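Have a look at the structure below before the remarks.
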Amino acid sequence: MEPVSRTAQWTAAARALESERPDRIFDDPLARAVAGDTGFALLERYRGSAVAPFVLVRTRYLDDALVRAVRDRGLRQVVSVAAGMDMRAARLTWPDGVTLYELDRPALLDAKAELLARHRVDTVGGPRRHAVAVDLAEQWQDDLHAAGFDPEQPTLWVAEGLFFFLPEDVVRRLLGTLRELSAPGSVLLGDMTSRTTLTNPLARGFLKILAEDGNPWLFGTDSPEEFLPDCGWSVTDLKQPGEDGADFGRWPHPVPPRTMTGVPRSFLFTAEVLAA
285 MEPVSRTAQW
295 TAAARALESE
305 RPDRIFDDPL
315 ARAVAGDTGF
325 ALLERYRGSA
335 VAPFVLVRTR
345 YLDDALVRAV
355 RDRGLRQVVS
365 VAAGMDMRAA
375 RLTWPDGVTL
385 YELDRPALLD
395 AKAELLARHR
405 VDTVGGPRRH
415 AVAVDLAEQW
425 QDDLHAAGFD
435 PEQPTLWVAE
445 GLFFFLPEDV
455 VRRLLGTLRE
465 LSAPGSVLLG
475 DMTSRTTLTN
485 PLARGFLKIL
495 AEDGNPWLFG
505 TDSPEEFLPD
515 CGWSVTDLKQ
525 PGEDGADFGR
535 WPHPVPPRTM
545 TGVPRSFLFT
555 AEVLAA
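Residue numbers (my numbering): 285 to 560.
Written out as structure tokens, the structure reads:
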């Protein structure tokens, strides 16, 4: 797979270790198979960066937010943008009538299909799943429509571990495209890093390793509550790992107040379509 796709194995390694704990905060039984030797090697390479606890918190936050959206809001059209090796189709409990579209690069989706077939994953009772091979930096809307996507139906968009790797202009264009495809009532779940993370000396070593591995972080914002509305999305929930509702007993670091400047941060968010 492409270097950026190996991040799916790296995050799967973190999910595998969590899933094997007796007090696990989520269960991903396929994570170890997904990670392979590459995933665990990368996890060791990035040790000390706070990435592993962030992956755990992010996974649980998005799990909970997704379940609430399909259960309480009645959303039945879900699109995972850059789905990677996410296995929510198999490991979460879904209501009837949900259709899940997984967008990602062809090579990664092929590897995922082979893995699911080899392990005979049972998705009976889960969503109707459509893998849609795309390049998110290019035009991909027609491919999603061809797979059955209905822009007149409210959509739950999940953008997990994506925005770090895209230039700001591509992030803005992508968020704008999601907004254009979203009927009223649509929801966006995702995560971002801060702009300060990309320039802070504390993160320099980690960012250098990422760049050497072909996975440079290119985008961050210190004010997602301003950036997202500028792209058509109204923030309804914004949390730093470690805050109430984004801790789950896995965040080992103090949470810096937003008034403290010059501090690297991560953000988890839920947003809705911004009213015209």
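Ideal Cβ placement from N, Cα and C applies to all residues, glycine included. Since we're looking at a predicted model, the values are computed, not measured.
Consult DSSP for residue i and reduce its assignment to one of helix, strand or coil.
| i | result |
| --- | --- |
| V547 | coil |
| A443 | strand |
| A296 | helix |
| S333 | coil |
| F553 | strand |
| T520 | strand |
| E328 | helix |
| E386 | strand |
| V539 | coil |
Between residue i and residue j, how many whole angstroms is the CB-CB distance? I'm expecting something under 8 Å.
| i | j | result |
| --- | --- | --- |
| W294 | G332 | Not confirmed; about 14 Å, so no contact. |
| L387 | A366 | 7 Å |
| A591 | A297 | The structure shown does not extend to residue 591, since the chain is modelled only from 285 to 560, so the question has no answer here. |
| A373 | P390 | Actually they do not touch by this definition, with Cβ atoms about 18 Å apart. |
| L428 | Y385 | 6 Å |
| F433 | Y330 | At roughly 35 Å, the Cβ-Cβ gap does not stay under 8 Å, so F433 and Y330 are not in contact. |
| P435 | L465 | 5 Å |
| V362 | P306 | At roughly 30 Å, the Cβ-Cβ gap does not stay under 8 Å, so V362 and P306 are not in contact. |
| V339 | F532 | Not really, about 12 Å apart at Cβ, beyond 8 Å. |
| P508 | L522 | 6 Å |
With a CB to CB cut of under 8 Å and the five nearest residues on each side skipped, what residues in its chain are close to residue i?
| i | result |
| --- | --- |
| P548 | T477, S478, T480, T481, N484, L486, A487 |
| P513 | V519, L558 |
Note down, in chain order, each residue of its chain lying with its Cβ closer than 6 Å to the Cβ of residue i, except the 5 sequence neighbours on either side.
| i | result |
| --- | --- |
| P438 | L359, A467, G469, S470 |
| S303 | D311, D312, A315 |
| V455 | F447, F503 |
| Y345 | A530, L552 |
Here's a check: name, in chain order, each residue in its chain whose Cβ is nearer than 7 Å to the Cβ of residue i, leaving out the five neighbours to either side.
| i | result |
| --- | --- |
| L327 | W294, A297, A298, A336 |
Within 6 Å: the Cβ of residue i and any heavy atom of the ligand PLP?
| i | result |
| --- | --- |
| M371 | The ligand PLP is absent from the structure shown, which contains no ligand whatsoever. |
_Give the list of continuous alpha helix (DSSP H) stretches no shorter than 4 residues that lie fully inside the region 446-507._
Entirely contained in the region 446-507, the alpha helix (DSSP H) runs reaching 4 residues are, in chain order, 452-464, 479-483, 488-496.
*What residue ranges within the region 397-432 form continuous beta strand (DSSP E) runs of no fewer than 3 residues, ordered along the chain?*
Inside the region 397-432, DSSP marks whole beta strand (DSSP E) runs of 3 or more residues at positions 412-417, from first to last along the chain.
_Any 3 or more C-beta pairs closer than 8 Å across the region 388-403 and the region 432-445_ = With fewer than three CB-CB distances shorter than 8 Å, the region 388-403 does not count as touching the region 432-445.
*Specify whether the region 372-383 and the region 456-465 touch according to this definition: at least 3 beta carbon pairs, one from each stretch, less than 8 Å apart.*
No, because fewer than three Cβ pairs between the region 372-383 and the region 456-465 fall closer than 8 Å, the two stretches do not touch.
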